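Residue numbers (the numbering used here), protein chains in the order written: chain A, 1 to 364; chain B, 365 to 865; chain C, 866 to 1105. Positions of the beta carbon are idealized from the N, C-alpha and C atoms, including for glycine. Please read these numbers as outputs of a predicted model, since none were measured by experiment.
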Amino acid sequence: MLLKEGQVRIPSGCAVSAVISRDGNLMSGERIVASMKPMHERSNGLGGGFAGYGIYPDMAEFYAFHMFFDDKESKKICETYLKDGFEIVKAEPLPVRKIPAITDEPIIFRYFLSPLRSRIADAQVDEREFVARAVIHINVKIDGAYVVSAGKNMGVFKAVGFPEDVGEFYRLDEYSAYSWTAHGRYPTNTPGWWGGAHPFGLLDYTVVHNGEISSYDANRRYIEAYGYKCTLQTDTEVFTYIADYLLRRRGLTLEETANVIAAPFWSTIERKPPEERERLTYLRNVFSGLLVTGPFSIILGFEGGLMALNDRLKLRSMVVAEKDDRVFIASEEAAIRVLEPDAVNVRAPEGGEPVIVRVKEGRY
Amino acid sequence: MQADYIYPHFEVERNERRCNACGLCVRECSYEVHYRSEDGKFILSDDAKCVNCQRCVATCPSHAIKIVKSNCDFRENANWSSDSIKEIMKQAGSGGVLLSSMGNPQPYPVYWDKLLINASQVTNPPIDPLREPMETRVFLGKKPSEIKRNQHGQLICDLPPRLVLELPVLFSAMSYGSISYNAHAALAAAATELGTCYNTGEGGLHENFYRYGANTIVQVASGRFGVHKDYLEAGAAIEIKMGQGAKPGIGGHLPGSKIVGDVSRTRMIPEGSDAISPAPHHDIYSIEDLRQLVFSLKEATEYKKPVIVKIAAVHNIAAIASGIARSGADVIAIDGFRGGTGAAPTRIRDNVGIPVELALAAVDTRLRAEGIRNDVSLVVGGSIRNSTDVVKAIALGADACYIATAALIAMGCHMCRNCQSGKCNWGIATQKPELVKRLDPEEGCRRLVNLLTAWKHEIMEIMGGMGINSIEALRGNRLMLRGIGLTEKELSILGVSHAGE
Amino acid sequence: MIILNARSTDNAQLNESVRAAKGDCEIVGCIGERFIGAGLSDKTINIKGIPGNALGAYLNGAKIRVDGNAQDAVGDTMNEGEIIVNGNAGDAAGYAMRGGKIYIKGNAGYRAGIHMKEYRGKSPVIIIGGRCGSFLGEYQAGGLIVVLGLHKDGKRIVGNFPCAGMHGGKVLIRGNAEDIIFPDKVSAKRATEEDMSAAKGYIKEFCSVFSIDENEVLSSPFTIVTPDSANPYKRMYVEN
């Protein structure tokens, strides 16, 4: 019997693509789906997905949980668990379009949730930590239930299939977002499980990633010491948890987070001016277990922005370009040209150099 | 009594055609195996005194000597080995506690040899270490538990005191007294050249070696020999020795006959007086007392030095390490039961303690489960024999490895395992000036530097093969290991999958 | 004299202020702060209150005076200097000390003077005015321990197993120590004038520090304990 994703570690190759409007202008999902088409060769039909930010403006105050269930039983158990900690403002099937290319779908549901104040007080944590713990609880403890995404005014849409088919299946042409990320997967075997597709999300953090990191178990075992549980054994999952840990829980900035994950070589650090040297030495020392080695290009999405980052040797491709208020990031320039034929300032960031794009304050 | 007679362990075979009776072997052998015949024409030997240190073999100008294992033995069987029989005879004759040197020789499993290392194929690339950056620098010490910023939001970069090593290997504790001045000189100089540290052991620090302070770990053991303010301040780190892998739970005892000259001065005890190290530190009878010693040392050195707590790998090691991690220690050093010693009761050496591989895996797992792994670094020792042992240890979760026996061999030790005699023909485990001078400190240093430079290259090559270009990405990366021929239980303790999985 | 208030400081802060103080200081409100004076070589420290464990550890010439009782491990691995306790001391007072003096007016706990050593010009001294617990002078390798027994509360002047593993130095016990069992490898006998001569100066100093009548103290006979050998375990092992 084939082992499910999480029971076995499945290395993958991939394609990534993203677009964001610095002015917070909403863009239809249609374009991001189209951008994946020229990179068809980088996927093998065993996983595709998208994350959109700003898609639920009317429900922006609630946590939007996109969920997969294996069966009605697991859905029931999960809903009982959710009711204990949250007010379920709305629960509905996520609208899909049946197409021949996408089969074997699980029960796909969408919940808008408001955490119960009393429960948060009981747990003696802040609201986001409370929600994060609920997500980890469901993914680890409730068999057959899986949280696809759990942020406010955002959502992840993913499936087994080619990304363009996944986009059609989820009717992404009907959503508008100020920021989109996309992923096409090339796993080395066939788990046939939708949860294994990307992006991976926790709260409003989502990660799409290309590459197979060599530091995986060092990073996994580090992060699991802080309450995370890497159930999928994928790089994307561990990246998401690292981002959540460093940004949300330790209060690092995005630049500092990049300096941890793709820390410069000691020889590079030694050539920096004293203050910068001290800062980089400090970060590399304090979070030495979160240095990620091996090839990766990731796009981290979050509320109001995104960050793209290559490994420090730049073993994976990544191209960035701009046009007016929009910034494009993709594995290949071709994807960007689909999004915007007239994109300018096309460049490939250095290994370890974060590309951080933020939507103007008040525009998201 | 004839019943006590034990046929010599080794026989000296002298090729008479090659031997020109120059007598060099007579002068070279501190055990007085070789002697000249009465008429002066021949060199004869008393096999009973031979320990097979190979000194005469290596120095004979005409290569006339070889030492062979004697084939005259008792009628052994699987239960009553020759050694078992001999040990009884020795004790029946003397009433003494059996005393041995060096590490546990019994055929217990060596888990390093049952772990296989991964390499990249296709899904991610290997890295060529000769041409691409490959980092082996290691920092040992506590990581700060919270991020602090100034009013401008800038990071306050106040790292706790730490050791910086250019490669994840240190020389572990061997006291001046148990080994010679020249051996210490070689270790100190090599550590400095390599950018790592050597360790004084509990014999104090010779005044000539204070200049190597930045690469010195000063040890504080239960006997507190040579411990004073200047000594504590001289080193880059302070190690509290709670135990030693070769003799967990056992104190030390350097006989007064070895407390001569400089050894007496660095230990700060009179010549001829026994140097007794109590089994416990008598100010530590409980874990909270360890905290007291850790902080008294930090206080005395104004919180500028990391404090290492060295323990022997024993059954409850994970819980003990967890307690130490909460006691203010910056580094925990774990010494496995195959670790060497200048002298230990045979029964203890051969039967007490556990393999360091299992201890390390259990400790690393436990500290992570408790979320305190980053409060301490882990250094492991107890028979690290080569660069792959180092790589496997780091992948299991160690920050660095301690080596001592390998360092001794590099300096010329031939593993005859008679350190306790003080007659080391190679000038290492001896205080006799005529023997000590046989070890040229510069040559010793060069050979130590050679050894670890070669290991470092091998470590880089192996890391490159895994697609890892920094040692911290290997630390605790157990996915890079697979077990071979191990039981489910062993695999689960080591936290690795079986080869093929 | 600089006054330092120990209240609302932690061990490290208090020691930092002691180190930073230019000149002698007095610590008031001491309640368990550890490691006071660790490794210090200059100044005099007066302590009001109860200092914490490891008072004067690695002391290197400084002088410490405690107004009341002290806790465990007073003068741990002390090299030089003086600690005066105007009360009782806890366990392991003077552990592994190599030089300097510890005067305890009252009683000492278990393992006083354990593994005390001497070296070259240094020869440490502990004088205990009252009685002390078991394992007095265990592994003693040098120096002098004096137990005066001026206030015994009806108990034995020294607990069980004194001088176990002793291989250097001497112990002087006021009185004839007839109810004390010593191990095989030490000799206990009535101290002669000559035995007392080296110790008398310290005993007189002790008496003057605590305002005790020295004539009364010295009028009693003393028992001296010395090791038979500096190498007590020579014949224990057989090479294997």
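Apply the 10 Å Cβ neighbour rule to B/Trp444 and answer buried if 16 or more other Cβ atoms are within range, or exposed otherwise. exposed
Worksheet entry | For C/Asn1080, the first and last residue of its enclosing alpha helix (DSSP H) | 1079-1084
So A/Ala91 is in the beta strand (DSSP E); what residue range does that whole segment cover?
86-93
* To do: Identify whether B/Thr729 lies in helix, strand or coil by the three-state DSSP scheme.
  => helix
Notebook entry, point to check: Among residues of its own chain, excluding the 5 on either side of B/Gly599, which ones have a beta-carbon nearer than 8 Å to its beta-carbon?
Noted result: Thr564, Leu569, Gly577, Thr580, Ile581, Val582, Lys669
Next item on the list: Closer than 6 Å by C-beta to C/Asn911: which residues in its own chain qualify, once you throw out the five before and the five after it? Chain order, please.
Entry: Glu891, Arg930
As a quick exercise: from A/Ile120, A/Ser317, A/Arg249, pick the residue whose alpha carbon is nearest that of A/Glu87. A/Ile120
- Output the distance between the C-alpha atoms of B/Cys383 and B/Phe406, rounded to the nearest integer angstrom. 9 Å
Compare the C-beta of A/Arg279 against all C-beta atoms of chain B and say whether one is closer than 9 Å. yes
Tell me which residues share the same chain as A/Glu350 and place their Cβ nearer than 8 Å to its Cβ, disregarding the 5 neighbours each side in the sequence. Asn310, Lys314
Exercise for review: May I ask you to list the residues that DSSP assigns as paired with C/Cys890?
Suggested key: C/Ile867, C/Ile910
Neighbour flag for A/Ala218 against chain B, beta carbons, 9 Å: yes
(message) Looking at chain C, is there any beta carbon in it that lies within less than 9 Å of the beta carbon of B/Ala664?
(response) yes
For this session: For B/Glu499, go through chain D and note every residue whose CB falls closer than 7 Å to its CB, in chain order.
Result: In the structure shown, chain D cannot be found, because the protein chains are A, B and C.
Could you please tell me which residues of the region 231-252 of chain A, in chain order, have their CB closer than 8 Å to any CB of chain B?
Arg250, Gly251, Leu252
For this session: Report yes or no: is there a C-beta of chain A within less than 9 Å of the C-beta of B/Gln515?
Result: no
At 3 residues or longer, and completely inside the region 190-249 of chain A: list those beta strand (DSSP E) runs for me, N to C.
200-202, 205-210
*May I ask which residues mark the beginning and end of the alpha helix (DSSP H) holding B/Ser650?*
Segment: none, B/Ser650 is in no alpha helix (DSSP H) and carries neither H nor E.
Item to check | Residues that B/Ala707 bridges to, as DSSP identifies them | outcome: According to DSSP, B/Ala707 bridges with nothing at all.
So which residues on chain A does B/Phe503 lean against when the C-beta distance must stay under 8 Å?
Asn285, Ser288
_C-beta neighbour in chain B for C/Asp941, strict 9 Å_ = yes
Requested in this report: Run down chain A in chain order and give the residues with a C-beta less than 7 Å from the C-beta of B/Asn546.
Outcome: Going along chain A, no residue has its Cβ under 7 Å from B/Asn546, so there is no contact; the nearest lies around 34 Å.
For C/Ile993 and C/Asn972, which I take to be in contact (beta-carbon distance under 8 Å), what is that distance rounded to the nearest angstrom?
7 Å
Going along the chain, which residues of its own chain have a beta-carbon closer than 7 Å to the beta-carbon of B/Glu734, five neighbours each way excluded? Ser686
| field | chain C contact for B/Lys413 (CB, 9 Å cutoff) | value | no
Practice problem: Count the other CB atoms, across all protein chains shown, that sit within 10 Å of the CB of B/Arg713; report buried if there are 16 or more and exposed otherwise. | Solution: buried
Nearest-angstrom Cα separation, counted from A/Pro199 out to B/Ala697
42 Å
Q. Short check: CB of A/Asn219 to CB of A/Val238, under 9 Å?
A. yes
Item to complete: Report the rounded CA-to-CA distance for C/Gly917 versus C/Ile901, giving the unit in angstroms.
Response: 8 Å
For this session: Check B/Pro634 in the structure and name its three-state DSSP category.
Result: coil
Return no unless some Cβ of chain B is closer than 9 Å to the Cβ of A/Arg358. no
- Query: Start and end of the alpha helix (DSSP H) containing B/Asp753?
  - Reply: 751-760
Legend entry - Listed by chain order, chain C residues near B/Pro634 by CB distance under 9 Å: Lys982, Glu983, Tyr984, Arg985, Ala1006, Gly1007, Gly1033, Ala1095
Exercise for review: Report yes or no: do three or more beta-carbon pairs, one from the region 736-751 of chain B and one from the region 774-785 of chain B, lie closer than 8 Å?
Suggested key: no
If I measure Cβ to Cβ from A/Glu270 and keep anything under 8 Å in the same chain, skipping five residues before and after, which residues do I get? Arg277
| request: Using the DSSP secondary-structure output, state which residues sit across from A/Met307 in a beta bridge. | output: A/Leu300, A/Ile356
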